[in-house]
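The structure appears below as structure tokens.
Protein chains in written order, with my numbering: chain A, 5 to 203; chain B, 5 to 203; chain C, 5 to 203; chain D, 5 to 203; chain E, 5 to 203; chain F, 5 to 203.
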């Protein structure tokens with residue numbers, strides 16, 4: 005289970021409204037390679053992990069992604085909470101405003117509600133950890149696209165932090181994958197991927 | 005942000021495989037009225053809450069729902085991890101097994117991947133808190149349907165715990181709603197729901 | 005069954021094209037808290053209602069929401085039917101035009117096709133009626149957001165009518181909920197929510 | 005707008021529970037070629053129809069499909085309302101029961117919630133009416149598949165009625181298509197499908 | 005199976021960036037009436053076709069639609085590959101860029117990922133071929149809408165080619181339908197659509 | 005573009021009906037890690053590849069996945085085409101039959117229509133190729149789950165062939181990734197991932 009800590013993993017202090025940036029940054033809230041996708045993926049996969057280190061990695065990173073989700077929600081919230089309707093319309097955020105006001109709702113930049121179809125949990129640690137390497141790459145690429153389009157340091161700094169954390173996660177999953185591969189090569193009573201037909 | 009605690013909110017110790025029960029209990033993992041829907045809803049809505057009490061309620065309950073999500077994942081995992089393929093086929097879980105093995109993946113009982121379309125965050129505390137009352141009702145009803153179909157006390161006990169927590173959440177959201185309604189009736193500089201056209 | 009009456013519940017006479025407003029008003033045609041969602045929800049739930057008054061309420065309001073759906077379609081249609089391609093592009097409606105021309109198709113403001121995942125029918129009148137209170141709140145909030153962004157009285161007047169009808173529906177569902185709660189408290193042969201295991 | 009008539013278009017009087025049949029018949033409630041898809045398609049397309057006859061046809065048939073939707077809901081309801089949990093499990097309806105009890109909710113036989121992606125409204129009467137011919141064919145084929153799997157005359161009779169109505173609809177849309185094609189061949193001031201670039 | 009030929013069915017040589025056009029043309033890549041929908045529909049239906057001519061038609065046209073899919077991808081790619089971020093933002097393509105950079109991903113103009121819910125394969129040749137007539141009509145209408153909004157001959161020429169091929173496909177499916185209808189009218193040992201109950 | 009060759013990549017000759025196996029094998033037609041997902045992913049990504057070898061790999065493997073898609077469709081078709089309705093019901097395939105008869109339609113084993121949300125094309129070769137390694141792993145795992153549940157050699161043989169091809173694809177994508185990484189390390193005029201802000 006989790007204890008909620010009443011502070012963000014990294015401070016978000018945005019002074020200027022920018023609904024145009026909010027419109028795209030929200031894709032790391034509810035989009036295909038965002039923090040919700042990441043957290044849900046790792047916290048679901050953990051049940052199938054074999055080694056204590058892999059289980060802990062999934063729990064840790066899955067938990068950190070929740071903090072990232074909270075950060076992204078804070079960024080979007082601060083970018084729109086004081087925006088006037090005129091600014092919202094000018095930024096192309098009027099479609100989102102019609103259904104969610106200035107609230108936070110999990111969608112991609114296009115406005116498509118989050119779907120678990122974005123992620124996979126295959127019941128197989130090698131497969132899952134490889135999926136996670138790809139996931140962290142995709143998340144990092146998205147942060148780079150978002151940083152490309154931002155110009156406010158208040159926004160760029162936390163996005164850069166989030167991008168760097170993806171790099172660290174990539175390394176940790178790579179390490180977990182190596183450990184699981186080693187574990188599976190040693191002879192054991194229960195071996196993964198033996199066909200269930202051998203009973 | 006969150007700290008992960010390495011224990012479940014309520015113990016899950018299931019001695020007997022039962023993939024047929026796993027097949028339906030998973031709906032409280034990834035289904036329309038399940039714990040993921042609940043957690044995501046409350047943790048998203050918190051950004052729009054007006055009173056400290058409402059923000060805290062959304063954070064607390066949203067965090068507890070994560071623990072519930074973990075419990076439901078544990079129940080499903082324990083019900084299938086030792087099930088043979090024959091049991092899996094007999095239980096009608098072969099479709100799930102084809103795509104996820106014995107892993108945990110967020111779907112409804114029907115096998116439909118989770119979608120944020122199940123939830124709403126409207127940027128309006130009164131509306132959101134009313135939504136939450138309905139959500140807790142729906143979650144409770146689902147637990148009752150699941151309990152109706154279960155016969156293993158190892159399964160029924162945690163399901164009953166989860167159902168009772170929904171009742172408590174319902175009461176807490178009702179309280180939060182009353183406090184927000186009172187707050188909004190007092191005259192203030194910034195009043196919610198004044199048309200943005202009055203600028 | 006239904007008889008079609010060849011007039012709108014409230015007149016729609018829009019003199020000026022405005023594809024930008026059409027783009028967002030269509031969310032009450034095919035969006036999460038729109039008239040299609042409402043109608044489908046109530047007309048589906050009616051099969052599980054216990055009291056004649058609740059069944060009638062679901063039928064009445066579900067039928068009225070169809071009239072509202074027709075009104076929203078008329079508003080959108082009148083806002084685009086004479087709009088030039090230049091106006092359509094300028095308004096950001098070119099994506100919709102590519103797939104639907106100037107026709108009416110059930111999407112949210114973001115362009116996401118309607119999904120029944122937006123609604124619930126739980127087979128339990130108390131739960132369903134609570135869901136309906138929340139639904140009417142959400143619909144009303146959406147109309148307020150749309151009214152905030154409108155400036156043409158030809159558009160604002162019918163939107164205000166639709167918003168006021170949501171308030172009336174909210175009250176009627178509240179009344180139906182109270183009647184069902186009273187009904188369920190009186191002792192009867194068949195009692196809802198008794199566990200099916202007691203047979 | 006519509007007036008609700010408190011009787012079904014065709015009587016549904018089912019004496020025997022059969023949740024296995026309910027499980028598949030519901031696809032004509034919320035599935036790809038069902039009555040909701042049909043009604044929504046025609047009532048949306050009507051805004052783009054050119055001739056009074058085509059508009060009337062869309063309104064009439066769209067309205068009749070609502071009556072059919074109500075019939076299908078009644079069939080499913082009567083097949084499950086007295087079914088015991090044992091019968092429900094045996095029939096493979098336990099997944100649906102977990103999320104909806106014995107209520108009515110718009111899904112396909114597979115349990116996938118209805119999506120407007122099943123239908124199209126193209127803003128072009130010729131295209132739309134051709135789509136409708138295909139839609140009526142698909143609906144008819146589904147009724148034949150359902151009739152193939154049914155053995156209770158109480159169920160087969162209304163299904164046959166519904167299938168025959170699809171045949172009538174097919175003919176009426178064919179007629180509407182011919183009239184619109186004739187209409188479009190006569191020289192007029194406003195001609196459909198002239199490129200908008202000619203302004 | 006297929007052999008890949010390293011040339012496009014029709015040359016695409018676009019000299020000028022235009023992310024605004026890319027934004028809508030992509031709907032024929034991943035949208036409801038696009039080339040992916042078409043190809044997938046015909047290549048899936050072929051398994052149920054009765055006559056050699058119908059099977060061949062589905063294979064041929066399904067294969068040609070793959071070439072069209074490739075053409076549409078090339079058009080979009082050439083329209084964005086040299087576009088600056090400023091042009092991308094100005095064109096309203098920043099949402100797509102956030103999740104896919106300048107890559108090609110199957111979405112509609114609105115940004116909704118492709119879903120097979122757009123198509124049907126009914127296991128019945130008459131129904132399927134009627135569906136295909138409608139599909140070709142809808143595809144053609146979309147190309148006309150796109151051509152309406154384009155002004156670059158480098159873009160209009162291939163779009164016109166694609167539109168004309170839809171007309172040819174419509175005619176070929178009409179022919180296949182007639183042949184299948186004739187085939188089914190002649191008496192045979194195996195007759196399609198006889199109720200399976202006659203065994 | 006493509007030329008259609010009128011033979012399967014690997015022969016499918018299935019002598020015995022088995023709708024229960026068809027029900028799950030179809031997940032490699034329309035499911036999250038199936039052949040349609042694979043083909044669509046690689047043929048979409050090719051537009052963003054940098055090296056001739058990577059482009060060719062995407063085209064080759066994407067084209068081979070089409071042949072695999074055709075094989076899976078053939079397997080499912082042969083498993084159901086002669087199955088009686090009784091066998092279909094007993095196998096739990098009656099839901100699929102209601103909407104598609106004995107036809108082939110792209111769904112997962114659960115009956116969920118294919119969605120492009122299963123795949124990603126990120127506009128970045130390193131990211132895309134890493135995604136592809138994970139995709140091939142997931143496809144292979146699915147084939148192992150299916151082989152676990154099969155007992156007919158006519159079915160197991162082609163499934164094993166398909167699984168082995170995934171292994172080969174994994175190796176080819178690994179090789180392509182290494183070549184692209186080398187390419188990107190050498191100094192060049194056009195460098196990928198330089199922030200667009202440097203203009």
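Where is the CB? At the ideal position from N, CA and C, for every residue including glycine.
query = Using Cβ-Cβ distances below 9 Å, what residues of the region 31 to 48 of chain D are close to chain E?
reply = 36 and 37
message = Tell me which residue opens and which closes the beta strand (DSSP E) that residue 109 (chain A) is part of.
response = Taking the first residue of the first chain as 1, we reach residue 109 (chain A) at position 105. First-last for residue 109 (chain A): undefined, no H or E at that position.
task = Taking residue 126 (chain F) as the reference, give the member of A:36, A:26 and A:7 with the closest Cα.
result = For the purposes of this step, residue 126 (chain F) is taken as residue 122 along the sixth chain, with counting starting at 1. Nearest of A:36, A:26 and A:7 to residue 126 (chain F), Cα basis: A:36.
key: Beta-carbon separation (whole angstroms), residue 184 (chain E) vs residue 123 (chain E), contact threshold 8 Å   = Indexing the fifth chain from 1 puts residue 184 (chain E) at position 180. Indexing the fifth chain from 1 puts residue 123 (chain E) at position 119. With a Cβ gap of about 19 Å, residue 184 (chain E) and residue 123 (chain E) do not count as contacting.
task = State the beta-bridge partners of residue 157 (chain B) as determined by DSSP.
result = Indexing the second chain from 1 puts residue 157 (chain B) at position 153. DSSP, once it has assigned bridges, lists no residue as partnering residue 157 (chain B).
Closest Cα partner of residue 15 (chain E) within the set E:145, E:160 and E:148 = Working through the fifth chain from its first residue, we reach residue 15 (chain E) at position 11. The shortest C-alpha separation from residue 15 (chain E) is found at E:160.
request  = Taking only beta-carbon positions, decide if residue 99 (chain D) is within less than 8 Å of chain C.
outcome  = In the fourth chain, the residue the question calls residue 99 (chain D) occupies position 95. It does not: the Cβ of residue 99 (chain D) has no partner Cβ on chain C nearer than 8 Å.
key: Candidates B:27, B:108, B:58 and B:49, of which the one nearest residue 188 (chain B) by Cα   = Here residue 188 (chain B) refers to the residue found at position 184 when the second chain is read from its first residue. Among B:27, B:108, B:58 and B:49, the Cα nearest to that of residue 188 (chain B) belongs to B:58.
request  = Check each candidate in B:54, B:22 and B:9 and name the one with the smallest Cα separation from residue 182 (chain B).
outcome  = As a position in the second chain, residue 182 (chain B) is number 178, starting the count at 1. It is B:54.
ask   = What does DSSP give as the partner residues of residue 8 (chain F) in its beta bridges?
value = In the sixth chain, the residue the question calls residue 8 (chain F) occupies position 4. DSSP lists E:6 as partners of residue 8 (chain F).
message = Suppose you measure from the CA of residue 172 (chain E) to the CA of residue 138 (chain D); what does that come to, to the nearest Å?
response = Within the fifth chain, the letter at position 168 stands for residue 172 (chain E). Within the fourth chain, the letter at position 134 stands for residue 138 (chain D). One C-alpha to the other measures close to 19 Å.
message = According to DSSP, simplified to helix, strand and coil, what is residue 119 (chain B)?
response = The sequence position of residue 119 (chain B) within the second chain is 115, counting from 1. Strand, per DSSP.
task = Can you give me the Cβ contacts of residue 99 (chain E) inside the same chain, cut-off strictly under 7 Å, excluding the 5 residues immediately before and after it?
result = Counting from one through the fifth chain, the residue named residue 99 (chain E) turns up at place 95. Excluding residues within five positions, the ones whose Cβ falls inside 7 Å are 115.
request  = List the endpoints of the continuous alpha helix (DSSP H) containing residue 103 (chain F).
outcome  = By 1-based counting over the sixth chain, the position of residue 103 (chain F) is 99. Note, residue 103 (chain F): alpha helix (DSSP H), 98 to 104.
request  = With a threshold of 16 other CB atoms inside 10 Å of the CB of residue 51 (chain B), please say whether the residue is buried or exposed.
outcome  = Locating residue 51 (chain B) in the second chain gives position 47, counting from the first residue. Burial call: buried.
key: Residues in the region 95 to 119 of chain D having any Cβ partner in chain G nearer than 9 Å   = The chain inventory of the structure shown lacks chain G, comprising the protein chains A, B, C, D, E and F.
query = Does DSSP put residue 31 (chain A) in a helix, in a strand, or in coil?
reply = Here residue 31 (chain A) corresponds to residue number 27 of the first chain, with the count starting at 1. Residue 31 (chain A): helix per DSSP, three-state reduction.
request  = Report the rounded CA-to-CA distance for residue 148 (chain F) versus residue 39 (chain F), giving the unit in angstroms.
outcome  = Here the question's residue 148 (chain F) lines up with position 144 in the sixth chain. Here the question's residue 39 (chain F) lines up with position 35 in the sixth chain. Their Cα atoms are separated by approximately 15 Å.
Listed by chain order, chain F residues near residue 135 (chain A) by CB distance under 8 Å = Counted from its first residue, the first chain places residue 135 (chain A) at position 131. 138, 141 and 142, listed in chain order.
task = Spatial neighbours of residue 198 (chain A) within its chain, please: CB distance less than 6 Å, with the 5 preceding and 5 following residues excluded, ordered by chain position.
result = In the first chain, residue 198 (chain A) corresponds to position 194, counting from 1. For residue 198 (chain A), the predicted model reports a pLDDT of 44, less than 50, meaning its position is unreliable and no value from the coordinates is stated.
Where residue 90 (chain F) falls, given that 16 or more other Cβ within 10 Å makes a residue buried = In the sixth chain, counting from the first residue as 1, residue 90 (chain F) sits at position 86. Per the 10 Å Cβ criterion, exposed.
query = If residue 135 (chain E) and residue 174 (chain E) are in contact, beta carbons under 8 Å, what's the gap, nearest whole angstrom?
reply = One-based indexing of the fifth chain puts residue 135 (chain E) at position 131. One-based indexing of the fifth chain puts residue 174 (chain E) at position 170. Their Cβ separation, rounded to whole angstroms, is 12 Å, which puts residue 135 (chain E) and residue 174 (chain E) out of contact at 8 Å.
ask   = So with Cβ pairs under 8 Å, would you call residue 145 (chain D) a contact of chain E?
value = Numbered from its first residue, the fourth chain carries residue 145 (chain D) at position 141. Yes, residue 145 (chain D) lies at the interface with chain E (some Cβ there is under 8 Å from its Cβ).
query = Is it a yes or a no for the region 69 to 89 of chain A touching the region 21 to 28 of chain A, going by three-plus beta-carbon pairs under 8 Å?
reply = yes
task = Verify whether the separation of the beta carbon atoms of residue 72 (chain A) and residue 167 (chain A) is less than 8 Å.
result = Locating residue 72 (chain A) in the first chain gives position 68, counting from the first residue. Locating residue 167 (chain A) in the first chain gives position 163, counting from the first residue. Cβ distance not < 8 Å, so residue 72 (chain A) and residue 167 (chain A) don't count as in contact.
ask   = Which of the three DSSP states, helix, strand or coil, is assigned to residue 44 (chain F)?
value = Taking the sixth chain and counting its residues from 1, one reaches residue 44 (chain F) at position 40. Residue state, collapsed to three classes: helix.
inquiry  = Quick check on this structure: which residue in F:75, F:119, F:66 and F:48 has the alpha carbon closest to the alpha carbon of residue 104 (chain E)?
reply    = Here residue 104 (chain E) refers to the residue found at position 100 when the fifth chain is read from its first residue. The candidate whose alpha carbon is nearest that of residue 104 (chain E) is F:48.
CB-CB length for residue 76 (chain E) against residue 29 (chain E), believed under 8 Å = Taking the first residue of the fifth chain as 1, we reach residue 76 (chain E) at position 72. Taking the first residue of the fifth chain as 1, we reach residue 29 (chain E) at position 25. Indeed they touch by this definition, with Cβ atoms about 6 Å apart.
ask   = From this set, F:132, F:144 and F:142, which residue's C-alpha is nearest residue 142 (chain A)'s C-alpha?
value = The residue given as residue 142 (chain A) occupies position 138 in the first chain. For residue 142 (chain A), the nearest C-alpha among the options comes from F:132.
ask   = What three-state label does DSSP hand residue 25 (chain E) in the structure shown?
value = Locating residue 25 (chain E) in the fifth chain gives position 21, counting from the first residue. Reduced to three states, the DSSP call for residue 25 (chain E) is helix.
key: Among A:42, A:180, A:157 and A:74, the one whose alpha carbon lies nearest that of residue 11 (chain A)   = Along the first chain, read from residue 1 onward, the residue named residue 11 (chain A) stands at position 7. Checked all of A:42, A:180, A:157 and A:74; the closest Cα to residue 11 (chain A) is A:74.
message = Can you list, in chain order, the residues of its chain with a C-beta nearer than 6 Å to that of residue 117 (chain A)? Leave out the 5 residues immediately preceding and following it.
response = For the purposes of this step, residue 117 (chain A) is taken as the residue at position 113 of the first chain. Contacts found: 111.
The alpha helix (DSSP H) enclosing residue 17 (chain C), as first and last residue numbers = Here residue 17 (chain C) refers to the residue found at position 13 of the third chain. Neither: residue 17 (chain C) is in no alpha helix (DSSP H) and is coded neither H nor E.
inquiry  = Going by DSSP in three states, residue 77 (chain B) sits in which element: helix, strand or coil?
reply    = For this step, residue 77 (chain B) is matched to residue 73 along the second chain. Helix at residue 77 (chain B).
ask   = Got a sec: is the Cβ-Cβ distance from residue 19 (chain F) to anything in chain D below 8 Å?
value = One-based indexing of the sixth chain puts residue 19 (chain F) at position 15. It does not; no Cβ of chain D falls within 8 Å.
key: For residue 91 (chain D), the first and last residue of its enclosing alpha helix (DSSP H)   = Working through the fourth chain from its first residue, we reach residue 91 (chain D) at position 87. Here the alpha helix (DSSP H) through residue 91 (chain D) covers 89 to 94.
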